[in-house]
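*Asks:* Counting with UniProt numbering, you get residues 9 to 882 for the letters of the sequence shown. The structure follows.
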Amino acid sequence: SPVIRLRDYQPPAWRVESIELEVELDIDASEIVARLQLRRDPAQSLPLRLDGENLQLLSIALDGRALDAEAYRYDGCVLEIDGARDGSMLETRVRVRPAANTALEGLYLSGPRESGFLLTQCEAEGFRHITFFPDRPDVLSTYTVTLRADRARFPVLLAGGNPTGAGELEGGRHWARFVDPHPKPSYLFALVAGRLEHLARDYRTADGRAVQLKIWAEADAIGRCGYALDALERAMRWDEQRYGRNYDLDVFHVVATHDFNMGAMENKGLNIFNAKYLLADPDSTTDDEYRHVEAVVAHEYFHNWSGNRVTCRDWFQLSLKEGLTVFREQSFSADMNSAPLKRIEDVALLRRAQFPEDAGPLAHPVRPAQYSEINNFYTATVYEKGAELVRMLAGRLGADGFRRGMDLYFERNDGRAATLEDFLGALGEANGTDLLPYLAWYGQSGTPRLRAQGHHDAARREYTLKLGQHAPGNAGPSARTPLPIPVKLALFASDGRMLPLQLAGEATDAGSERVVVLEQAEQALVFTGVEAPPVPSLLRGFSAPVILECDYTPAELALLLAHDPDGFNRWEAGQLLAARAYENLRDGSTDTSLQAWCGALARLFADDGMDDALLADLLTPPGEIELAEREGAVDPGRIHQLRQALQRTLAERLGADALEQRYRTLAARRSIALDAASQASRRLSRRLLELLEACASERALPLAAAQYRDAPGMTDRLAALAVLARGQADEGERALADYRQRYAGNALALDKWFAVQAQLPGLAALPRVMRLEKDAAFTLHNPNRVQSLLGTFVRANPSGFHRADGAAYRFLTERLGELDALNPQVAARLATAFNGWQRLEPGRRALAQAAIAELAGRAGLSRNLGEIIGNVLN
Ligand code: B3K
Ligand code: ZN
Numbered sequence: 009s010p011v012i013r014l015r016d017y018q019p020p021a022w023r024v025e026s027i028e029l030e031v032e033l034d035i036d037a038s039e040i041v042a043r044l045q046l047r048r049d050p051a052q053s054l055p056l057r058l059d060g061e062n063l064q065l066l067s068i069a070l071d072g073r074a075l076d077a078e079a080y081r082y083d084g085c086v087l088e089i090d091g092a093r094d095g096s097m098l099e100t101r102v103r104v105r106p107a108a109n110t111a112l113e114g115l116y117l118s119g120p121r122e123s124g125f126l127l128t129q130c131e132a133e134g135f136r137h138i139t140f141f142p143d144r145p146d147v148l149s150t151y152t153v154t155l156r157a158d159r160a161r162f163p164v165l166l167a168g169g170n171p172t173g174a175g176e177l178e179g180g181r182h183w184a185r186f187v188d189p190h191p192k193p194s195y196l197f198a199l200v201a202g203r204l205e206h207l208a209r210d211y212r213t214a215d216g217r218a219v220q221l222k223i224w225a226e227a228d229a230i231g232r233c234g235y236a237l238d239a240l241e242r243a244m245r246w247d248e249q250r251y252g253r254n255y256d257l258d259v260f261h262v263v264a265t266h267d268f269n270m271g272a273m274e275n276k277g278l279n280i281f282n283a284k285y286l287l288a289d290p291d292s293t294t295d296d297e298y299r300h301v302e303a304v305v306a307h308e309y310f311h312n313w314s315g316n317r318v319t320c321r322d323w324f325q326l327s328l329k330e331g332l333t334v335f336r337e338q339s340f341s342a343d344m345n346s347a348p349l350k351r352i353e354d355v356a357l358l359r360r361a362q363f364p365e366d367a368g369p370l371a372h373p374v375r376p377a378q379y380s381e382i383n384n385f386y387t388a389t390v391y392e393k394g395a396e397l398v399r400m401l402a403g404r405l406g407a408d409g410f411r412r413g414m415d416l417y418f419e420r421n422d423g424r425a426a427t428l429e430d431f432l433g434a435l436g437e438a439n440g441t442d443l444l445p446y447l448a449w450y451g452q453s454g455t456p457r458l459r460a461q462g463h464h465d466a467a468r469r470e471y472t473l474k475l476g477q478h479a480p481g482n483a484g485p486s487a488r489t490p491l492p493i494p495v496k497l498a499l500f501a502s503d504g505r506m507l508p509l510q511l512a513g514e515a516t517d518a519g520s521e522r523v524v525v526l527e528q529a530e531q532a533l534v535f536t537g538v539e540a541p542p543v544p545s546l547l548r549g550f551s552a553p554v555i556l557e558c559d560y561t562p563a564e565l566a567l568l569l570a571h572d573p574d575g576f577n578r579w580e581a582g583q584l585l586a587a588r589a590y591e592n593l594r595d596g597s598t599d600t601s602l603q604a605w606c607g608a609l610a611r612l613f614a615d616d617g618m619d620d621a622l623l624a625d626l627l628t629p630p631g632e633i634e635l636a637e638r639e640g641a642v643d644p645g646r647i648h649q650l651r652q653a654l655q656r657t658l659a660e661r662l663g664a665d666a667l668e669q670r671y672r673t674l675a676a677r678r679s680i681a682l683d684a685a686s687q688a689s690r691r692l693s694r695r696l697l698e699l700l701e702a703c704a705s706e707r708a709l710p711l712a713a714a715q716y717r718d719a720p721g722m723t724d725r726l727a728a729l730a731v732l733a734r735g736q737a738d739e740g741e742r743a744l745a746d747y748r749q750r751y752a753g754n755a756l757a758l759d760k761w762f763a764v765q766a767q768l769p770g771l772a773a774l775p776r777v778m779r780l781e782k783d784a785a786f787t788l789h790n791p792n793r794v795q796s797l798l799g800t801f802v803r804a805n806p807s808g809f810h811r812a813d814g815a816a817y818r819f820l821t822e823r824l825g826e827l828d829a830l831n832p833q834v835a836a837r838l839a840t841a842f843n844g845w846q847r848l849e850p851g852r853r854a855l856a857q858a859a860i861a862e863l864a865g866r867a868g869l870s871r872n873l874g875e876i877i878g879n880v881l882n
């Protein structure tokens, strides 16, 4: 496949000022007429070329005259047309096949053909599956869309923009028209047609516009849309208050579908959501899922400015909208919930998903230099690392400075397709500072390392902190220039007090916390007036996405774990200590980390002042994937066992009696309330039950059985189900069967049933997954189902997937072949589970390599899967 390169960017030779679409909707064959008002770039002389795939071309007319076959050429990807001039009007008529579209890109059918509805997905390049168009984000046009369909079969017709008319047609058909006055790129186009119900609310923006908010879902789900509607209203208010951004159309539609390749899509005025991120009710939604719904609703809404009003010049700039919008979403969630817990969650995700990606064969810069399939670049790096880069900039400028910069960015680029340079330029200019050195972060792969070394000079009462950075091996050529790395830091005395920070040569002291930006390869900070060796707390709040190397003693980490008021760094100290404790167990070494970790947690466990949710997180050691990152030759089975042993040691230290007693106290006040305290006690009660399971499973299982039975909501029920399923006793099978039946009609709840079982560790996992594939509810056609069973197995069950005989590798390549023929995007995403195979111990590595190589050698792989497999193998 051809490789697209950032350095080859050319502005479009032809633009489309406005487009009129007329769509005759039908499940099997829909017809689309498109009228394009063309503008030619006078500086370029290229012929008119339009993208179009899987389109049956019915007719073409230029400036009102039908074109004969000699006047155009169509090779199945590009339509080239002779004779177009600046100001020409091109009309094409095409036919597409929604029900046959299993890739869920372009116009497709969600649900069964008798009852399902039609919808579109265009980002990144789906619009070319609907009509001929210059399908690139820097072509912005106004859209007028007319939909026509049978009224009984498609009573609801929706497209982005403001509704401007609707009416009846002959033969039981009807029509509806929508005009979007805001020029937009084609990837933001959307339509929806079918039998849908809605939930509505009137909203008035801060600048006075009356807006109708409507959430749409199928009849069985409309009762579960209330939470999302509330979340949407919160997000709209927040964006007004925090960024001064108002909504800009008269209607805002959000639609839920069960058939969707990703989380959700920010189409202008018509967001479309994977039902998993929109529907919520206490009986089937966990606390974590409620927060995801709130976050994704906000994320897609925030795109209206960061993405839609200001869009991307090309797909290399994807993080311009995604990193920025994830950052906005994270700040919103932090404001709505607990800021430190949110930070812990985000960094844990970064380490679980992005660090391994950045360390393996799929590593790429936040702004990649090249791709062959853009859909493969909606990655943790572009999203999560991209958000970390925005966070660094925001931290550097401070709240007011960042707001000033964002105001200038929006003002200057409104209605434009922008670049990361435009973004850094506006932020810097509004603050009289040059942020372009931060571009280096966008251009290199790999996670940089920050080395910190402290030295105390008792005679001079000075503490010198040497900071140094080094780029990882895969950073690429640009890595020779040092990065600006903001290091937020504090110093602790041995009694846990924070020390005032006085840098040598500075007149005033800057309080007890400050940010130092490391701009060189190395830098030494000298703090004066320091009586005794202090303990540094570095990268507070995770102020930069780096790996910290600092030779803490176990006692120093225990001190930070006990005293650091920065909730994130407190957790961080605990994680570092836990990782060291894990190494103690692994190596049988005599280091005291294991005792220090257990001892510090025992003290926090006994401390009544601790927040329940933070305590739950502190009591959780790093996951198996993160622990694997610290190993030379990875044996996932052994990592699983060692992590279990680590948890058992902690649980024994806390004591089964104490765990059970605390658990019972929390269980007694179980409710479905969603306030922070109730969520926190559910989180802690789950963790306590798991720890009890680790040290005294015979005591944990009956408690779990009772919890499963009496659970007032899904959080408690699912937590109990997972413990019971791991218990491998009759209660487990009974609970699973009960759940299967109880939620038979609830797709999202069933996904969790598949996922819980797909995560059960060890050798039994693969046969179990294969059995579950035979369940009547399993299908390769539904991305959520594939993700819940296969995705969970290959990505969240290392000891099951990486079985020593390699059988699961061959199982995965077999499924990838089948999936690729149906839905290349889903296949490609699943294939990323092979990332990291090079670091497996030799036996597994050889088996993984053989399986991947066999897949790579197959003919006819999609561009999506072909690119991932090709990259993974190299
Ligand atoms: N922008 C979409 C992602 C589209 C993915 C295309 N393969 C969702 C989001 O980030 O908001
Ligand atoms: Zn997004």
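Where a beta carbon is used, it is the ideal one built from N, C-alpha and C, also for glycine.
Could you check what DSSP says for Asn282 in three-state terms: helix, strand or coil?
*Replies:* On the sequence shown, position 274 is the one that residue 282 refers to. The answer is strand: DSSP assigns Asn282 an E or B state.
*Asks:* Helix, strand or coil: how does DSSP classify Tyr298 here?
*Replies:* Your numbering for residue 298 matches position 290 in the sequence shown. Residue state, collapsed to three classes: helix.
*Asks:* Any heavy atom of the ligand ZN closer than 8 Å to the CB of His300?
*Replies:* In the sequence shown, counting from the first residue as 1, residue 300 sits at position 292. No, the Cβ of His300 stays beyond 8 Å of every heavy atom of the ligand ZN.
*Asks:* Considering only the alpha carbon of each residue, which of Ala664, Pro710, Ala728, Phe260 lies closest to Arg691?
*Replies:* For the purposes of this step, residue 691 is identified with residue 683 of the sequence shown, where counting begins at 1. Closest by alpha carbon: Ala728.
*Asks:* Once the 5 residues before and after Ala702 are set aside, which same chain residues still bring their CB inside 6 Å of it?
*Replies:* Counting from one through the sequence shown, the residue named residue 702 turns up at place 694. Closer than 6 Å at Cβ, skipping near neighbours: Gln655, Arg656, Ala659.
*Asks:* May I ask you to verify whether the segment 373-380 touches the segment 346-358, counting CB pairs closer than 8 Å and requiring at least 3?
*Replies:* Touching, no.
*Asks:* Just the C-alpha distance for Ala604 and His464, rounded to the nearest angstrom, thanks.
*Replies:* On the sequence shown, residue 604 is found 596 positions in, with the first residue counted as 1. On the sequence shown, residue 464 is found 456 positions in, with the first residue counted as 1. Cα to Cα, Ala604 sits roughly 24 Å from His464.
*Asks:* Here's a check: name, in chain order, each residue in its chain whose Cβ is nearer than 7 Å to the Cβ of Tyr211, leaving out the five neighbours to either side.
*Replies:* Taking the sequence shown and counting its residues from 1, the one referred to as residue 211 is at position 203. Contacts found: Val219, Leu221, Glu241, Met244.
*Asks:* Once you ignore the five residues that flank Thr213 on each side, which residues in its own chain have a CB closer than 8 Å to its CB?
*Replies:* For the purposes of this step, residue 213 is taken as the residue at position 205 of the sequence shown. Excluding residues within five positions, the ones whose Cβ falls inside 8 Å are Val219, Met244, Glu248, Asn254, Tyr255.
*Asks:* Cutting at 8 Å between CB atoms, please list the residues of its own chain near Glu25, excluding the five before and the five after it.
*Replies:* Numbered from 1 along the sequence shown, position 17 holds the residue referred to as residue 25. Result list for Glu25: Gln45, Leu46, Arg47, Ser149, Thr150, in chain order.
*Asks:* Quick one: grab the DSSP three-state call for His137.
*Replies:* The count along the sequence shown starts at 1 and reaches residue 137 at position 129. Helix.
*Asks:* Measure the alpha-carbon distance for Ala859 versus Leu827 and round it to whole angstroms.
*Replies:* Residue numbering aside, residue 859 sits at position 851 when the sequence shown is read from its first letter. Residue numbering aside, residue 827 sits at position 819 when the sequence shown is read from its first letter. Going from the Cα of Ala859 to the Cα of Leu827 covers about 16 Å.
*Asks:* Which complete alpha helix (DSSP H) runs does the UniProt domain "Aminopeptidase N-like N-terminal" (109-196) hold, if anything under 4 residues is left out?
*Replies:* Within the UniProt domain "Aminopeptidase N-like N-terminal" (109-196), no complete alpha helix (DSSP H) run reaches 4 residues.
*Asks:* Look up Cys558 in the DSSP assignment and say whether it is helix, strand or coil.
*Replies:* By one-based count along the sequence shown, residue 558 stands at place 550. Note: Cys558 maps to strand in three-state DSSP.
*Asks:* Taking C-alpha atoms, which residue in Arg209, Asp619, Thr110 lies nearest to Gln833?
*Replies:* Stepping through the sequence shown from its first residue, residue 833 is reached at position 825. Measuring from the Cα of Gln833, the nearest candidate turns out to be Thr110.
*Asks:* Select from Gly814, Gly865, Ala532 the residue whose C-alpha is nearest the C-alpha of Trp845.
*Replies:* As a first step, residue 845 is located in the sequence shown; it is residue number 837 there, counting from the start. Considering only alpha carbons, the answer is Gly814.
*Asks:* Name the residue from Ala614, Gly403, Asp559 whose alpha carbon lies nearest to the alpha carbon of Val524.
*Replies:* On the sequence shown, residue 524 is found 516 positions in, with the first residue counted as 1. With distances taken between Cα atoms, Val524 lies closest to Gly403.
*Asks:* How would the residue list near the ligand ZN read, in chain order, if you kept each one whose beta-carbon is closer than 5 Å to any heavy atom?
*Replies:* So the residues near the ligand ZN by this Cβ test are Glu330, Thr333.
*Asks:* How many angstroms separate the CA atom of Ala653 from the CA atom of Gly582?
*Replies:* Walking along the sequence shown from the start, residue 653 turns up at place 645. Walking along the sequence shown from the start, residue 582 turns up at place 574. So the alpha carbons of these two residues sit roughly 17 Å apart.
*Asks:* Going by beta-carbon coordinates alone, are Thr427 and Asn275 separated by less than 9 Å?
*Replies:* As a first step, residue 427 is located in the sequence shown; it is residue number 419 there, counting from the start. As a first step, residue 275 is located in the sequence shown; it is residue number 267 there, counting from the start. Contact: no.
*Asks:* Does the distance from the C-beta atom of Ala21 to that of Arg57 stay below 9 Å?
*Replies:* As a first step, residue 21 is located in the sequence shown; it is residue number 13 there, counting from the start. As a first step, residue 57 is located in the sequence shown; it is residue number 49 there, counting from the start. Against a cut-off of 9 Å, the Cβ pair of Arg57 and Ala21 comes out as a contact.
*Asks:* Can you list, in chain order, the residues of its chain with a C-beta nearer than 6 Å to that of Pro55? Leave out the 5 residues immediately preceding and following it.
*Replies:* As a first step, residue 55 is located in the sequence shown; it is residue number 47 there, counting from the start. The answer, listed in chain order, is Glu88.
*Asks:* Specify, as a first and last residue, the run of the alpha helix (DSSP H) that Gly851 falls within.
*Replies:* Within the sequence shown, the letter at position 843 stands for residue 851. Unbroken alpha helix (DSSP H) run through Gly851: 850-864.
*Asks:* Less than 8 Å separating the Cβ of Ala303 from some heavy atom of the ligand B3K?
*Replies:* Taking the sequence shown and counting its residues from 1, one reaches residue 303 at position 295. Checking every heavy atom of the ligand B3K against the Cβ of Ala303, none is found closer than 8 Å.
*Asks:* Beta carbon of Phe135, beta carbon of Ala167: below 9 Å?
*Replies:* One-based indexing of the sequence shown puts residue 135 at position 127. One-based indexing of the sequence shown puts residue 167 at position 159. No, Cβ-Cβ distance for Phe135 and Ala167 is not below 9 Å.
*Asks:* Output the boundary residues of the alpha helix (DSSP H) element that contains Val731.
*Replies:* The residue labelled residue 731 in the question sits at position 723 within the sequence shown. Run containing Val731: 722-734, per the alpha helix (DSSP H) assignment.
*Asks:* Just checking Glu437 against the ligand B3K - is the residue's beta carbon closer than 8 Å to any of the ligand's heavy atoms?
*Replies:* Here residue 437 refers to the residue found at position 429 of the sequence shown. No - the ligand B3K has no heavy atom lying nearer than 8 Å to the Cβ of Glu437.
*Asks:* Please identify the residue among Pro456, Glu634, Ala841, Asp188 whose C-alpha is closest to the C-alpha of Phe809.
*Replies:* As a working mapping, residue 809 is identified with position 801 in the sequence shown. Comparing Cα positions, the closest option is Ala841.
*Asks:* Would you say Ala272 touches the ligand B3K, meaning its beta carbon is less than 8 Å from a heavy atom?
*Replies:* Residue numbering aside, residue 272 sits at position 264 when the sequence shown is read from its first letter. Answer for Ala272: yes, Cβ within range of the ligand B3K.
*Asks:* Report the partner residues of Ala208 according to the DSSP bridge assignment.
*Replies:* Locating residue 208 in the sequence shown gives position 200, where the first residue counts as 1. Paired residue(s): Lys222.
*Asks:* Does the count of Cβ pairs from the segment 65-72 and the segment 96-107 closer than 8 Å reach three?
*Replies:* Counting Cβ pairs under 8 Å, three or more are found: they touch.
*Asks:* Give the DSSP-derived three-state secondary structure of Leu444 in the structure shown.
*Replies:* Locating residue 444 in the sequence shown gives position 436, where the first residue counts as 1. Leu444: helix per DSSP, three-state reduction.
*Asks:* Would the beta-carbon of Tyr379 be found less than 8 Å away from any heavy atom of the ligand B3K?
*Replies:* Translated into the one-based positions of the sequence shown, residue 379 becomes position 371. The answer is no for Tyr379.
*Asks:* For Leu507 and Ser520, I'd like the C-alpha separation in whole angstroms.
*Replies:* Translated into the one-based positions of the sequence shown, residue 507 becomes position 499. Translated into the one-based positions of the sequence shown, residue 520 becomes position 512. C-alpha separation (whole angstroms): 6 Å.
*Asks:* Using three-state DSSP, classify Val495 as helix, strand or coil.
*Replies:* Locating residue 495 in the sequence shown gives position 487, counting from the first residue. Residue state, collapsed to three classes: strand.
*Asks:* Can you pull the DSSP bridge partners for Cys320?
*Replies:* The count along the sequence shown starts at 1 and reaches residue 320 at position 312. DSSP lists Ala426 as partners of Cys320.
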